Amino acid sequence: MFKATTILAYRGEFEGKKCAVIGGDGQVSFGNCVMKGNATKVRTLYHDKILSGFAGSTTDAFSLFDNFERILEGKKGELMRSVLEFAKQWRSDKYLRKLEAMMIVLDKEHLFILSGSGDVLEPEDGKIAAIGSGGNYALSAARALDRMQSGVIQTNTDSKNLQIPPKELVRQSLQIAGELCIYTNTNIKILELE
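Quick note: the sequence shown uses the working numbering, first residue 41, plus one each step.
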């Protein structure tokens, strides 16, 4: 069950405002069987100021959420400090090191992937991150859509007319992943920081 899902996060600017969006599919797989199609794998943390999503074992993920939320409370919602503290605890706690889950956490300023071995990764572009079995499909689609609207990829149309709201960019990218990955469905849930 470690990679049987898709979570995609996008952080950037749209129409002059900072934004943060995360989305995930609803499929829960056990081996080669679909056990549930409408699970929620994304949630808000710290008074709805932090977005998060998980891939992996559900029980392990909830343990990670609880642990991370406790650290966030202690650090008064400062994401950078919380992520670093969380990584320290993850590496030193024998129980945490056995958890089979990954998380993405973000706010309007930062975006991080927390790996199953306690690593903290910040995407190179600082804008888009994905985890799970369909993560690479969603990541590729999101990067292509983002590059098209920024004019990096040349199209036959004016890129100013291709402005895709971040929530829709995440939705379309997850839709593509759900059509390609057998461990991902198109029952998509999205959260956005207002």
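Quick reminder that beta carbons are idealized off the backbone N, C-alpha and C, glycines included. Keep in mind the model is a prediction, meaning the values are calculated, not measured.
What number of angstroms, rounded off, separates the C-alpha of residue 199 from the C-alpha of residue 133? The residue labelled residue 199 in the question sits at position 159 within the sequence shown. The residue labelled residue 133 in the question sits at position 93 within the sequence shown. In this prediction, residue 199 scores a pLDDT of 49, lower than 50, which makes its location untrustworthy; no coordinate-derived value is stated.
Quick one: is residue 75 near chain C, going by C-beta distance under 8 Å? Looking at the structure shown, chain C is missing, and only one protein chain is on hand.
Write down the C-beta distance between residue 114 and residue 227 rounded to the nearest angstrom, noting that I regard them as a contact closer than 8 Å. One-based indexing of the sequence shown puts residue 114 at position 74. One-based indexing of the sequence shown puts residue 227 at position 187. Their Cβ separation, rounded to whole angstroms, is 35 Å, which puts residue 114 and residue 227 out of contact at 8 Å.
State buried or exposed for residue 186, treating a residue as buried only when at least 16 other CB atoms are found within 10 Å of its CB. Here the question's residue 186 lines up with position 146 in the sequence shown. That one is buried.
In this structure, how does DSSP classify residue 48 when only helix, strand and coil are distinguished? What you label residue 48 is simply residue 8 of the sequence shown in a count that begins at 1. Strand.
Rounded separation between residue 106 and residue 86 - CA only: Working through the sequence shown from its first residue, we reach residue 106 at position 66. Working through the sequence shown from its first residue, we reach residue 86 at position 46. Rounded to whole angstroms, residue 106 to residue 86 spans 11 Å at the Cα level.
Alpha carbon to alpha carbon, how far is residue 163 from residue 154? Give it in angstroms, no decimals. For the purposes of this step, residue 154 is identified with residue 114 of the sequence shown, where counting begins at 1. For the purposes of this step, residue 163 is identified with residue 123 of the sequence shown, where counting begins at 1. Taking the straight line joining both Cα atoms gives about 11 Å.
Using the Cβ count rule (16 or more neighbours within 10 Å means buried), how would you classify residue 221? In the sequence shown, the residue the question calls residue 221 occupies position 181. Result: buried.
Put residue 154 into one of helix, strand or coil per three-state DSSP. In the sequence shown, the residue the question calls residue 154 occupies position 114. It is a strand residue.
Please list, in chain order, all residues of the same chain as residue 124 whose beta carbon is under 8 Å from its beta carbon, the five residues on each side excluded. Looking up residue 124 in the sequence shown gives position 84. So the qualifying residues of the chain are 160.
Flag this pair as yes or no: are the beta carbons of residue 146 and residue 211 separated by less than 8 Å? For the purposes of this step, residue 146 is taken as the residue at position 106 of the sequence shown. For the purposes of this step, residue 211 is taken as the residue at position 171 of the sequence shown. It is not a contact, given that the beta carbons lie outside the stated cut-off.
Chain-order list of residues whose beta-carbon lies under 6 Å from that of residue 117 (same chain, five-residue window excluded): Against the sequence shown, residue 117 aligns to sequence position 77. Hits under 6 Å: 86 and 89.
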